[in-house]
Amino acid sequence: MSDANAGQPPAPDFDRMTRDIADVPAVEVITTVAVHLMSAAAVNLGLAEEGPQHKDLDEARKLINALAGLVAASATEISSFHAAPLRDGLKSLQLAFREASVVPDEPGQGPGEKFTGPVFG
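In structure tokens:
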């Protein structure tokens, strides 16, 4: 055994990691990614504990657009049981974005609305 790797962390076992991810159902991967996008968008909308300190509407817009695309593309694949709460969360973020904007987008032009259509409260 060589001392060249002494003190180094062991190399990741990519074969095991590939097998592990293969065991995760697609619906779980999709919903997990959606929840991460929702959480990041909420932080960038200033809805986290620190609020305005992390507010960045440009970043929030990007995240909401990505979330809307993911939800729209996967809704028929993951069933209404899983898609409905994602749609509700998306709509809440879209409305929060509209409220946080100094100059609100025209209906249908807000983040993700090209995928969802205009969002009204």
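At position 39 of the sequence shown the residue is numbered 39 (my numbering), and the sequence of numbers has no breaks.
In this text, a Cβ means the ideal position worked out from N, Cα and C, and glycines have one as well.
**Q.** Residue from Ala6, Pro118, Ala75 with nearest C-alpha to Gly125
**A.** Outside the displayed range of the chain (1 to 121) lies residue 125, so it cannot be described from this structure.
Q.
Using a Cβ-Cβ cutoff of less than 7 Å, which residues in the same chain neighbour Ala73 once the five nearest sequence positions on both sides are dropped?
A. none
Q.
Please state the DSSP three-state secondary structure of Pro111.
A. coil
Q: Take Met1 and list the residues in its own chain whose beta-carbon comes closer than 7 Å to its own, dropping the five residues that flank it on each side.
A: Because Met1 sits at a pLDDT of 49, beneath the cut-off of 50, its placement in the model cannot be relied upon, and the point is left open.
Q: Measure the C-alpha to C-alpha separation of Thr76 and Pro9 and round it to an integer number of angstroms.
A: 43 Å
Q. Going by other Cβ atoms of all chains shown within 10 Å of its Cβ, with 16 needed for buried, is Ala22 buried or exposed?
A. exposed
(Q) Distance check for Gly7 and Glu50, CA to CA, integer angstroms please. (A) 39 Å
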